[in-house]
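Notes to accompany the following structure.
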Amino acid sequence: MKKAFSITVSTQPNTNLSIAKDISLVKVGLVYADNVKLASPGVSMIASLDKMSEMSEKYQAYFYREMMRQSDETLFHLMDRYYKILSKRVLSKQEIALRKKYRQGFVITKPKVEEIANKIIYDSGFEQIKNIIENGVLELETYTPNDGNYFEQVLNEFMESVTSSALEGNTYPLYDQHVSKLIGSFFGMGLIKNYRSTTEKMKHTGFTADTMQRLPCFEKATIGEVLDIRKELNRELIRFRSAMFKYSKNINNEQWSDDFLYEVERLYREEVEPAVLEIEEQCESNIYLKELSYRVATSKLTVPSLFGMAVSPTAEFIGLTETMIATVLSISTEAVKTYKDYRDKASTINGNQMFFYYQAGKILQK
């Protein structure tokens, strides 16, 4: 059984809770890997907000308290008192009365808190990846602190996750710039062992992400469009991965180095861009199929009843044998030879390691 190619995307949270950076790297993972996991404190928190109505009353009070920690001091203290009451197993008569009072206040306050939460969810762009998380296409790492400072605990869990993904042998880490520099500092201080395999994997995914994000319209592509590309070009992807491994071996600097982006740029200009241009030129010179399609369309010829269907002037011709082509179109032996030359050249183009990248760009431009 073929081993799946897995990527773990890790991103540092930002202050405005936008997950645009997460979505961009997730799209790279979805189009390039077999399995994708996202480790992101920001996305995890927003996913928790989205599921808050399903949480227990105690956890809701805790989570909303933490949401208000930096934004609304009055609501923070109200939620804090309510959470502490709910955390007690045995309540005095006075505390039972307080719980009732706080619960009434919570019911009154909750719509305002939910309004803030819904705005955060909408502004973040979470809806773009919500479905693929629920459908299991994207695995989201979750953090579930239940006491103390939510953000401090989440960051601690995230740090453990990042260091683990750097050392795991069954996944390729895809880090944003901040996380890669963090890993580099851990290596430099000796907090985690700097294995060659880890740095090689980071170079590979870093170069691949930069290359994919250069595709026309990749930034604007929806998750659905990215998944369609992956489905359509699944076979071609294997050769493309091989090319990315070959190219990334020529990168000398680690991903957290200031010179890494320069090397990636140089490698793209030296290797990727010329390879894509060569495919473009080969496709433009290989015009036989266009001529064949035009002849069929203008002559309105159809396949005899033996085949039971009309000939479509599309790339479906490729699967037809030379004898069938000659029978259908009543063309000469020389024309069949011309078609064979076209088919052989088309096969060569499709077999190019960079054909996946070239064709993905064409699909995105449609």
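Throughout, the numbering used here is defined as the position within the sequence shown, counted from one, plus 1071.
Where a beta carbon is used, it is the ideal one built from N, C-alpha and C, also for glycine.
Take the Cβ of G1255 as the centre, count every other Cβ of all protein chains shown within 10 Å, and call the residue buried at 16 or more, exposed below. Along the sequence shown, one-based indexing puts residue 1255 at 184. It is buried - the Cβ of G1255 has at least 16 other Cβ atoms within 10 Å.
Closest Cβ-Cβ distance between I1090 and chain D: below 8 Å? The displayed structure is made up of one protein chain only, and chain D is not part of it.
Roughly how many angstroms lie between the CA atoms of V1097 and V1080, to the nearest whole one? Along the sequence shown, one-based indexing puts residue 1097 at 26. Along the sequence shown, one-based indexing puts residue 1080 at 9. Taking C-alpha positions only, V1097 is separated from V1080 by approximately 7 Å.
Limits of the unbroken alpha helix (DSSP H) element including A1091: Indexing the sequence shown from 1 puts residue 1091 at position 20. Secondary structure note for A1091: its alpha helix (DSSP H) is the uninterrupted segment 1091-1103.
Residue from H1249, T1269, R1140 whose Cα sits closest to the Cα of N1220: On the sequence shown, position 149 is the one that residue 1220 refers to. From the listed residues H1249, T1269, R1140, the smallest Cα separation to N1220 is found for R1140.
Should S1095 be counted as a contact of the ligand MN given a C-beta to heavy atom distance under 7 Å? Annotation note on the ligand MN: not contained in the displayed structure, which lists no ligands.
Contact check, L1211 vs L1109, beta carbons under 8 Å: As a first step, residue 1211 is located in the sequence shown; it is residue number 140 there, counting from the start. As a first step, residue 1109 is located in the sequence shown; it is residue number 38 there, counting from the start. In contact: L1211 and L1109 (Cβ atoms closer than 8 Å).
Should E1128 and L1101 be called a contact, given that it needs their Cβ atoms to be closer than 8 Å? Residue mapping note: residue 1128 aligns to position 57 of the sequence shown, counting from 1. Residue mapping note: residue 1101 aligns to position 30 of the sequence shown, counting from 1. No, the pair does not count as a contact, with Cβ atoms beyond the cut-off.
Under 8 Å, do T1213 and L1238 count as touching if we go by C-beta distance? In the sequence shown, residue 1213 corresponds to position 142, counting from 1. In the sequence shown, residue 1238 corresponds to position 167, counting from 1. Contact flag unset, no.
Whose CA, out of L1308, M1230, K1201, lies closest to the CA of I1263? The residue labelled residue 1263 in the question sits at position 192 within the sequence shown. The option with the nearest alpha carbon to I1263 is M1230.
Quick check: A1168 and Y1153, are their CB atoms within less than 8 Å of each other? Taking the first residue of the sequence shown as 1, we reach residue 1168 at position 97. Taking the first residue of the sequence shown as 1, we reach residue 1153 at position 82. For A1168 and Y1153, no; Cβs fall outside 8 Å.
What's the C-alpha gap between I1309 and I1179? Position 238 of the sequence shown, counted from the start, is the residue given in the question as residue 1309. Position 108 of the sequence shown, counted from the start, is the residue given in the question as residue 1179. Rounded to whole angstroms, I1309 to I1179 spans 57 Å at the Cα level.
Under 8 Å, do F1427 and E1271 count as touching if we go by C-beta distance? Here residue 1427 is taken as the residue at index 356 of the sequence shown, counted from 1. Here residue 1271 is taken as the residue at index 200 of the sequence shown, counted from 1. Their beta carbons are not under 8 Å apart, which means F1427 does not touch E1271 by this criterion.
Three CB pairs or more closer than 8 Å across the region 1074-1093 and the region 1109-1126: In short, these stretches touch, since the Cβ pair count reaches three.
Where do the ends of the beta strand (DSSP E) carrying N1106 lie? As a position in the sequence shown, residue 1106 is number 35, starting the count at 1. DSSP places N1106 inside the beta strand (DSSP E), whose first and last residues are 1106-1110.
Along the chain, where does the alpha helix (DSSP H) containing P1182 start, and where does it finish? For the purposes of this step, residue 1182 is taken as residue 111 along the sequence shown, with counting starting at 1. Its alpha helix (DSSP H) spans residues 1164-1195.
I'd like to check one pair, E1341 with I1322: are the Cβ atoms closer than 8 Å? By 1-based counting over the sequence shown, the position of residue 1322 is 251. By 1-based counting over the sequence shown, the position of residue 1341 is 270. No, the pair does not count as a contact, with Cβ atoms beyond the cut-off.
The alpha helix (DSSP H) that contains V1297, what's its start and end? As a position in the sequence shown, residue 1297 is number 226, starting the count at 1. Per DSSP, V1297 belongs to the alpha helix (DSSP H) from 1294-1303.
Round the Cβ separation of G1432 and L1332 to the nearest angstrom and send it over; I've been treating them as touching at under 8 Å. Taking the first residue of the sequence shown as 1, we reach residue 1432 at position 361. Taking the first residue of the sequence shown as 1, we reach residue 1332 at position 261. L1332 and G1432 do not touch by the CB rule: their CB atoms are close to 21 Å apart, not below 8 Å.
Residue span of the alpha helix (DSSP H) that contains E1205, given as start and end: If you number the sequence shown from 1, residue 1205 lands on position 134. That run of the alpha helix (DSSP H) goes 1198-1205.
Out of L1348, F1278, D1218, I1300, which one is the CA nearest neighbour of L1435? The residue you call residue 1435 lines up with position 364 of the sequence shown. Of the listed residues, the one whose Cα sits closest to L1435 is I1300.
Indicate the three-state DSSP secondary structure (helix, strand or coil) for S1256 in the structure shown. For the purposes of this step, residue 1256 is taken as the residue at position 185 of the sequence shown. S1256 falls in the helix class under three-state DSSP.
Whose C-alpha, out of L1253, E1198, L1304, A1104, is nearest the C-alpha of N1241? Here residue 1241 refers to the residue found at position 170 of the sequence shown. When each option's Cα is compared against that of N1241, the closest is A1104.
Among the residues of its own chain, which have a CB less than 6 Å from the CB of V1107, if the five just before and after it don't count? The residue given as residue 1107 occupies position 36 in the sequence shown. Within the same chain, V1107 has close Cβ partners I1078, G1100, L1101, L1209.
Please state whether DSSP places T1079 in a helix, a strand or coil. Position 8 of the sequence shown, counted from the start, is the residue given in the question as residue 1079. The three-state reading of DSSP puts T1079 in strand, counting E and B together.
Pull up the distance between the alpha-carbon of E1351 and that of V1297, whole angstroms please. For the purposes of this step, residue 1351 is taken as the residue at position 280 of the sequence shown. For the purposes of this step, residue 1297 is taken as the residue at position 226 of the sequence shown. Roughly 22 Å separates the two Cα atoms.
Could you tell me if E1198 is buried or exposed, where buried requires 16 or more neighbouring beta carbons within 10 angstroms of its beta carbon? Within the sequence shown, the letter at position 127 stands for residue 1198. When all chains shown are included, E1198 counts as exposed.
Taking a contact to mean a Cβ-Cβ separation below 8 Å, would you say F1257 touches T1234 in this structure? Residue numbering aside, residue 1257 sits at position 186 when the sequence shown is read from its first letter. Residue numbering aside, residue 1234 sits at position 163 when the sequence shown is read from its first letter. Taking 8 Å as the Cβ cut-off, F1257 and T1234 qualify as a contacting pair.
Residue span of the beta strand (DSSP E) that contains Y1243, given as start and end: Translated into the one-based positions of the sequence shown, residue 1243 becomes position 172. Looking at the DSSP string, the run of the beta strand (DSSP E) that includes Y1243 is 1243-1246.
Report the rounded CA-to-CA distance for K1317 versus E1325, giving the unit in angstroms. As a first step, residue 1317 must be located in the sequence shown, where it is residue number 246. As a first step, residue 1325 must be located in the sequence shown, where it is residue number 254. CA-CA distance, K1317 to E1325, rounds to 16 Å.
Among K1074, I1187, Q1424, N1202, the one whose alpha carbon lies nearest that of E1137: Stepping through the sequence shown from its first residue, residue 1137 is reached at position 66. Among K1074, I1187, Q1424, N1202, the Cα nearest to that of E1137 is on I1187.
If you draw a straight line from the alpha carbon of D1218 to that of F1134, how long is it in whole angstroms? Within the sequence shown, the letter at position 147 stands for residue 1218. Within the sequence shown, the letter at position 63 stands for residue 1134. Cα-Cα distance, rounded: 9 Å.
Taking all protein chains shown into account, decide if Y1429 is buried (16 or more other Cβ within 10 angstroms of its Cβ) or exposed. Taking the sequence shown and counting its residues from 1, the one referred to as residue 1429 is at position 358. Burial call: buried.
Which listed residue (Q1424, V1161, V1184) has its alpha carbon closest to that of L1149: Residue numbering aside, residue 1149 sits at position 78 when the sequence shown is read from its first letter. Minimum Cα distance to L1149 is reached at V1184.
For N1085, which of helix, strand or coil comes out of DSSP? For the purposes of this step, residue 1085 is taken as residue 14 along the sequence shown, with counting starting at 1. N1085: coil per DSSP, three-state reduction.
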